[in-house]
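Asker:
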Amino acid sequence: MWLSTFKEIFMLSLFALVKAQNHCSPPSLENAELISTPAPKQQYNTNDVVYYKCKSGYHFKGSSATKHKTRCTENGNFSPAPLKCYDLCDNRCQNDAFCNQGRCSCDQNHIGVSCEMRICKLPSVLHGTVKQVNPLNVDGKPGWVREGASILFQCDKGFSIKKGTSFSRCRRALGWDYGTLPVCQPDICEHSDISHGTAKPYRDVYAVGQTVTFSCNQGYEILHGDHQLSCGIGGVWSGTWPSCLPKKCPSIHLHNGMIDPPNARLTTGEYPVGSKLSLNCISGFYYRGISSKIACVGPPTVEWSSEPGVCILLSEFNDECQTEGKIMKVDGNGDASCVFVKPTTKLSQTSTNAKSGQSLTITCQVEGFPKPRVQWQKNDDVFRVDGLRITRTDSAITFKRLVTSDSGKYDCIAFNAAGSSTSTANLKVAADENTNESISTGEESSTSTDDNNCQDQQNTCNLAKQMKLCEFPHYEKRVCCKTCRKLANEVIKKSR
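Throughout the sequence shown, residue numbering follows mature numbering (1 follows the signal peptide of the UniProt record, and there is no 0), covering -20 to -1, 1 to 476 in sequence.
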């Protein structure tokens, strides 16, 4: 038995020893490499030692040794940590420069020990010159300037900058910031079309110093611009290119009226084509004409777009409206017209909750011209009343005593020749515990009435049936109790 126990203890010890054995991954090296002897491995055991050296063109900073060593420790890391290798320029090269035998090799746009200084080559412009505003020349590189230098582009005489900008600066990130190199083009004046006229001599472009004379076709004249222009330095005309416009419309006289705008009228008493006027009457008068907005149109015929109207008394116009069966309406601008007025409706309440036994009146305020006709509907159907418990007029519905069957949607509809208007009231009648209602009609049940003793009046019942009056409590209680109650129940079931 002791032999078996000894074997178990030995195996556990061996397992613990194996478990305690740690490994190291290959060391992380920057710009360095492992020495091939012994050959590099994918995994190293504790206390394994490796040697490494810098790659070609790199060295250990602060150390003259050509190689170093590091050891795999029990915690799975190499110690001491591998040293970093630097290039021979100690990584000081900037702006994408590379180290060449200990010196930074710069591109053509940079100078300096670390290639830190931006330089720009002076551009050349056809038919122009470049002038340095603050010279910052580069020694040993003619035609180059350092960052911060400014230049000014100048075109030769007879030329002007048409594209690009006249100023630029050498900047660290962008170089020259002019974007597009300026272009010096000859100074010319461009020709613009002149409608209903001619330009002599006619050319697409005019050189500096050339002159052009303008004339208009028959029926037109120059109202804006100059009759003669010269092309100046920089391609700028000496004045304003002219416009040939047609002759003018005659003046307007509006008795008891106003012309707006008042300053649109010229000193000659005429209006040019395109003039727009608004004709209005003074207070108490109405403008009668095709249109109160007129414009001077043409050619070939220069005239007002419509014949100017006249101002008449509002009282006279009102008489004419009444003759047509309409009313006179004057808007905020003082314009009057004969119109029908579309109806408007407004209910005294739009949503009401009540209890059976209460009284209620729903009023409908109606306006319009001519006087609107009024119709009441319940649940989108014609609303009939018995004239006893419920009465109705054009302006109101009165319930002398509400029952639950009165619940529903009530519409007040007004209409005339101008249109219609509808207002809706929703009524909900709840049963009162202190009030008994007939199941079929909503009227009180009479404790003194015995249906078994009620005698139908057959002729009267047949008439009530034909006229569909059995749904009203009056006919149920006073005309024929049995037949009408049966018919009323059928009406209620259908409505539900």
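Glycine residues also receive a C-beta, built at the ideal position from the N, C-alpha and C atoms.
State the Cα-Cα distance for the pair E287 and I232, rounded to the nearest angstrom.
Answerer: Taking the straight line joining both Cα atoms gives about 10 Å.
Asker: Quick check: what's the CA-CA separation for D76 versus K41?
Answerer: So the two alpha carbons sit approximately 22 Å from each other.
Asker: What does the Cβ neighbour count give for S148, buried or exposed, with the cut at 16 atoms within 10 Å?
Answerer: S148 comes out buried.
Asker: Whole angstroms is fine: what's the gap from V185's alpha carbon to F133's?
Answerer: Cα to Cα, V185 sits roughly 25 Å from F133.
Asker: Apart from the five residues on each side of it in sequence, which residues of its chain come closer than 6 Å, Cβ to Cβ, to G269?
Answerer: Once the five neighbours on either side are set aside, the close Cβ partners of G269 are G289.
Asker: If I measure Cβ to Cβ from N117 and keep anything under 7 Å in the same chain, skipping five residues before and after, which residues do I get?
Answerer: The residues are V125.
Asker: Could you tell me which residues DSSP puts in a beta bridge with V125?
Answerer: According to DSSP, V125 bridges with C100, N117.
Asker: What are the residues that DSSP puts in a beta bridge with residue 478?
Answerer: Given that the chain is displayed from residue -20 to residue 476, the structure contains no residue 478 and the question cannot be resolved.
Asker: For the alpha helix (DSSP H) containing S295, name the first residue and the last one.
Answerer: Run containing S295: 294 to 303, per the alpha helix (DSSP H) assignment.
Asker: By the three-class DSSP mapping on this structure, what secondary structure does T371 have?
Answerer: Strand.
Asker: I'd like the list of long-range same chain contacts for P252, defined as Cβ closer than 7 Å, with 5 residues on each side in sequence excluded.
Answerer: Cβ neighbours of P252 beyond the five flanking positions: L203, L225, K228, C276.
Asker: Within a Cβ cutoff of 7 Å, which residues of the same chain sit near T427, ignoring the five residues on either side of it in sequence?
Answerer: Annotation note: pLDDT 36 at T427 (below 50); position unreliable, coordinate value reported separately. Excluding positions up to five away in sequence, the list is empty.
Asker: Run the CB neighbour count on N433, radius 10 Å, all protein chains shown included, and call it buried at 16 or more, exposed below.
Answerer: Because N433 sits at a pLDDT of 49, beneath the cut-off of 50, its placement in the model cannot be relied upon, and the point is left open.
Asker: Straight-line CA distance for N80 to H107?
Answerer: Roughly 43 Å between the two C-alpha positions.
Asker: If we ignore side chains and look at the alpha-carbon of each, how far apart do T429 and N396 end up?
Answerer: Residue placement at T429 cannot be trusted, given a pLDDT of 41 that sits under 50; the coordinates are not used to answer.
Asker: Going by CA-CA distance only, name the one from C164, P166, Q165, P181 that's closest to S172.
Answerer: Ranking C164, P166, Q165, P181 by Cα distance to S172 puts P181 first.
Asker: Could you work out which residue in I174, S146, G155, W156 is closest to C164 when comparing CA atoms only?
Answerer: It is S146.
Asker: Less than 6 Å between C-beta atoms, sequence neighbours within five positions excluded: which residues of the same chain meet that for Y24?
Answerer: Same-chain partners within the cutoff: C4, C52.
Asker: Would you kindly work out how many angstroms separate the C-alpha atoms of Y200 and P222, rounded to a whole number?
Answerer: C-alpha separation (whole angstroms): 12 Å.
Asker: Which whole-angstrom value describes the C-beta separation of A394 and V321, a residue pair presumed to lie in contact below a C-beta threshold of 8 Å?
Answerer: Rounded, the Cβ-Cβ distance is 11 Å, inconsistent with contact.
Asker: Hey, out of E127, D28, A411, Q302, whose CA is closest to N2's CA?
Answerer: Looking at the Cα atoms, D28 is the closest of the given residues.
Asker: How is S385 classed by DSSP in three states: helix, strand or coil?
Answerer: The answer is helix: DSSP assigns S385 an H, G or I state.
Asker: Mind the definition here: the segment 371 to 381 touches the segment 331 to 343 only if three or more C-beta pairs lie below 8 Å; say whether that holds.
Answerer: Yes, they touch.
Asker: What is the DSSP secondary structure of D240, reduced to helix, strand or coil?
Answerer: Strand.
Asker: Given this structure, state the Cα-to-Cα distance separating Y66 from G82, to the nearest angstrom.
Answerer: If you take the alpha carbons of Y66 and G82, they lie about 11 Å apart.
Asker: Using the C-alpha atoms, what's the distance from A405 back to I262?
Answerer: Going from the Cα of I262 to the Cα of A405 covers about 46 Å.
Asker: Measuring CA to CA, which of R72, V216, H48 is closest to A61?
Answerer: Here the closest residue by C-alpha is H48.
Asker: Taking C-beta to C-beta, are F194 and H176 nearer than 7 Å?
Answerer: Taking 7 Å as the Cβ cut-off, F194 and H176 do not qualify as a contacting pair.
Asker: In three-state DSSP terms, what is G214?
Answerer: In this structure, G214 counts as coil in the three-state DSSP scheme.
Asker: Does the beta-carbon of A316 have 16 or more other beta-carbons within 10 angstroms, so that it is buried, or is it exposed?
Answerer: Classification for A316: buried.
Asker: Leaving out five residues before and five after P20 in sequence, what residues of the same chain have Cβ atoms less than 8 Å from its Cβ?
Answerer: If we look at P20 and ignore the five residues flanking it on each side, its Cβ neighbours are P6, L14, V30.
Asker: Excluding the five sequence neighbours on either side, which residues of its own chain have a C-beta within less than 7 Å of the C-beta of P279, listed in chain order?
Answerer: Result list for P279: G199, P226, in chain order.
Asker: Taking DSSP as the reference, what is the three-state secondary structure of Y182?
Answerer: Three-state result, Y182: coil.
Asker: Please report whether the beta-carbon of V30 lies at a distance below 7 Å from any beta-carbon of chain C.
Answerer: Given the protein chain composition of this structure (a single chain), no chain C is represented.
Asker: Just how far apart, CA to CA, sit residue 477 and Q112?
Answerer: Shown here, the chain extends from -20 to 476; a query on residue 477 therefore has no answer.
Asker: Using a 10 Å radius around the Cβ and a threshold of 16 neighbouring Cβ atoms, would you call G189 buried or exposed?
Answerer: Exposed, since its Cβ has fewer than 16 Cβ neighbours within 10 Å.
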